[in-house]
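Chains as they are written, first to last, in my numbering: chain A, 41 to 235; chain B, 41 to 235. Written below as structure tokens is the structure these notes are about.
There are 2 protein chains.
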Amino acid sequence: MSKGSDTKQSIVDEALNQARRVGLEGVTLGELATSVQLSKSGLFAHFKSKEALQLAVLEEAIDQFTSDVIAPSLSLPRGSERLQSLFERYVSWITDKPWDAGCIFISLSQEYDDRPGPVRDRLVESENQFQDVIRRVAQGAAERAGVDSFDADQFVYEFKGIGLNLQHVHRLLRDPKGCERAHKAFAHLRAHNGI
Amino acid sequence: MSKGSDTKQSIVDEALNQARRVGLEGVTLGELATSVQLSKSGLFAHFKSKEALQLAVLEEAIDQFTSDVIAPSLSLPRGSERLQSLFERYVSWITDKPWDAGCIFISLSQEYDDRPGPVRDRLVESENQFQDVIRRVAQGAAERAGVDSFDADQFVYEFKGIGLNLQHVHRLLRDPKGCERAHKAFAHLRAHNGI
DNA sequence: CAGACACCAGCACGGTCGTGCTAATGTCGG
DNA sequence: CCGACATTAGCACGACCGTGCTGGTGTCTG
């Protein structure tokens with residue numbers, strides 16, 4: 041039972057790479073099939089619908105994000121060190137991909153903000169979970185630093201803004217100074233909150 | 041020669057509205073034709089290609105942005121008042137649209153960041169122009185406030201981050217507190233820079 | 001008022017889309 | 001080694017895509 045799972049995994053991997061460039065709706069079964077050297081119907085047999093494939097791809101992206109960004113940061117000691125790590129790994133996630141394609145969640149959030157359905161629902165759920173992680177990590181840093189009246193939700197908002205514009209300047213405008221500006225902005229944010 | 045221009049304008053308007061929801065590639069000539077009560081070929085005759093239509097739509101969006109956001113702000117006296125107006129009009133542009141669809145440039149930047157061609161080129165050009173406006177307005181406010189060593193580019197980066205995440209939380213997460221957070225973040229940004 | 005021309009509908013084209021059905025191939029446990 | 005079953009190819013389908021051509025209908029100009 042391993043042959044089938046293997047090819048299914050390679051399909052999802054390739055679909056994820058393509059989705060980073062053309063979006064999840066833009067991934068085509070025909071094109072995807074030739075990419076993984078399968079017939080269109082052979083590929084389709086692994087998923088009962090295109091939507092199921094899209095959900096599998098999204099799930100794969102969430103898994104990668106969890107193990108690349110979240111988990112390593114949470115393994116660090118609570119406090120500003122963990123917070124800094126979370127930010128830096130988020131920056132790397134957006135800019136360091138060997139395949140040059142950026143953060144897929146940011147692309148998908150624009151693609152699905154007006155497209156109801158299970159894909160959008162799952163995307164919203166994962167975004168909220170990520171916000172929760174940021175909030176808790178920041179809250180921990182604030183407590184360790186002895187800061188009172190810390191507005192965690194506001195911190196999350198500004199944290200994400202830095203990341204979103206990083207993707208914007210890095211991918212659309214091709215500004216090489218993006219990372220530098222992102223780090224500087226985050227330093228401002230930390231200083232402003234005393235953490 | 042006014043009948044033709046009128047219908048052409050109504051086509052572009054409708055296409056712009058649809059593009060806000062499904063992107064420029066997602067706008068379909070057939071669907072667009074029925075929306076404006078024209079035959080597909082009748083509509084197509086106004087543009088020699090779909091790409092020409094896309095460029096016309098983008099140009100229309102740029103015009104609206106200029107007259108809704110940029111021009112009114114630039115008519116105000118130089119300084120922090122003008123800067124604040126620019127930000128608030130940007131926030132309104134993202135959230136206040138009667139058609140509930142958000143800022144199309146943010147959607148397009150994700151759609152075309154990996155799709156070379158004239159549409160992407162024009163989009164990049166207009167983004168750079170907007171950044172120039174922010175930079176000059178902020179620089180003016182800094183000079184009026186007597187601030188030295190003002191990092192205008194960094195200010196632009198953080199300004200845009202606030203707007204991008206506003207679109208994100210407003211449209212995807214449907215967070216009603218988005219505007220409030222955006223304004224608070226901008227107040228932080230101004231305070232940090234002393235303007 | 002008539003001729004020139006802009007405007008638009010009808011129809012057709014090759015392609016590709018997602019999705020099914022059927023049959024041949026492969027893989028694995030007994 | 002063989003039978004059960006998972007995996008994949010071939011083929012077909014209706015729908016829609018962007019794009020042309022051709023002819024008719026309106027509209028403005030002289």
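By construction, the Cβ of each residue, glycine as well, lies at the ideal position given by its N, Cα and C atoms.
Those residues of the stretch 138-152 of chain B placed with their C-beta closer than 9 angstroms to a C-beta in chain A are Asp140, Ala141, Gly142, Ile146, Ser147, Leu148, Ser149, Gln150, Glu151 and Tyr152, ordered along the chain. Not a single CB atom of chain A sits nearer than 8 angstroms to the CB of isoleucine 235 of chain B. Within 9 angstroms of the CB of isoleucine 202 of chain B, the CB atoms of chain A belong to Tyr197, Glu198, Gly201 and Asn205, in sequence order along the chain. Rounded to whole angstroms, the gap between the alpha carbons of arginine 175 of chain B and glycine 70 of chain A is 46 angstroms. Distance between valine 97 of chain B and asparagine 57 of chain B, taken at the CA atoms: about 9 angstroms. The beta-carbon of asparagine 168 of chain B is placed less than 8 angstroms from the nearest beta-carbon of chain A. For the stretch 212-225 of chain A, the set of residues with a beta-carbon nearer than 7 angstroms to any beta-carbon of chain B comprises Leu212, Leu213, Arg221, Lys224 and Ala225, in chain order. The C-beta distance from proline 158 of chain B to glutamate 91 of chain B rounds to 7 angstroms, short enough to fall under 8 angstroms. At a C-beta separation below 8 angstroms, glutamine 94 of chain A has no neighbours in chain B, since its nearest C-beta there lies roughly 15 angstroms away.
For a cut-off of 8 angstroms, the C-beta gap from asparagine 205 of chain B to glycine 180 of chain A is around 22 angstroms, too long to register as a contact. Close to histidine 86 of chain A, with beta-carbon spacing below 8 angstroms, lies no residue of chain B; the smallest spacing is near 26 angstroms. Taking C-alpha positions only, leucine 148 of chain A is separated from glycine 186 of chain B by approximately 43 angstroms. Taken in chain order, the members of the stretch 175-194 of chain A whose beta-carbon sits within less than 9 angstroms of a beta-carbon on chain B are Asp191, Asp193 and Gln194. DSSP assignment within the stretch 57-127 of chain B yields the following whole alpha helix (DSSP H) runs of 4 residues or more, N-terminal first: 69-75, 80-84, 90-105 and 111-114. At a cut-off of 8 angstroms, the C-beta of valine 159 of chain B has no neighbouring C-beta in chain A. Cβ neighbours of glutamate 198 of chain B within its own chain (closer than 6 angstroms, five residues either side excluded): Leu229. The closest CA to that of glycine 119 of chain A, considering only A:Lys217, A:Val109, A:Arg184 and A:Asp191, is found on A:Arg184.
A distance below 6 angstroms between beta-carbons, with the five flanking residues on each side excluded, links alanine 141 of chain B to the following residues of its chain, in chain order: Arg60 and Arg61.
Between the alpha carbons of threonine 106 of chain A and glutamate 128 of chain A lies a distance of about 14 angstroms.
Proximity of valine 67 of chain B to chain A, defined by a Cβ-Cβ separation below 8 angstroms, is not satisfied. In the displayed model, tyrosine 152 of chain A falls within a helix according to three-state DSSP. Rounded to whole angstroms, the separation of the alpha carbons of aspartate 103 of chain A and leucine 72 of chain A is 21 angstroms. With a threshold of 8 angstroms between beta carbons, arginine 162 of chain B makes no contact with chain A. Selection B:Val52, B:Arg155 and B:Gln207 evaluated against arginine 211 of chain A yields B:Arg155 as nearest (Cα-Cα). Taking 8 angstroms as the threshold, the shortest C-beta distance from arginine 230 of chain B to chain A does not fall below it. Ranked by Cα distance from valine 209 of chain A, the first of B:Gln171, B:Ser50, B:Phe87 and B:Thr47 is B:Gln171.
Taking the Cα positions, arginine 221 of chain A is about 6 angstroms away from glutamine 194 of chain B. Looking only at A:Glu167, A:Arg214 and A:Ile235, the smallest Cα-Cα distance to phenylalanine 190 of chain A is reached by A:Ile235.
With a threshold of 8 angstroms between beta carbons, aspartate 154 of chain A makes contact with chain B. Here the alpha carbon of serine 166 of chain B sits roughly 24 angstroms from the alpha carbon of tyrosine 152 of chain A.
With a threshold of 16 other beta carbon atoms within 10 Å, glutamine 94 of chain A meets it and is buried.
Taking the Cβ atoms as the reference, leucine 126 of chain B lies roughly 11 angstroms from valine 196 of chain B, outside the contact range of under 8 angstroms. Annotation: the continuous alpha helix (DSSP H) that includes proline 158 of chain A extends over 158-184.
By a beta-carbon distance limit of 8 angstroms, lysine 48 of chain A contacts histidine 86 of chain A. Their separation comes to about 5 angstroms.
Close partners of arginine 61 of chain B in chain A (Cβ separation under 9 angstroms): Asp153, Asp154 and Arg155.
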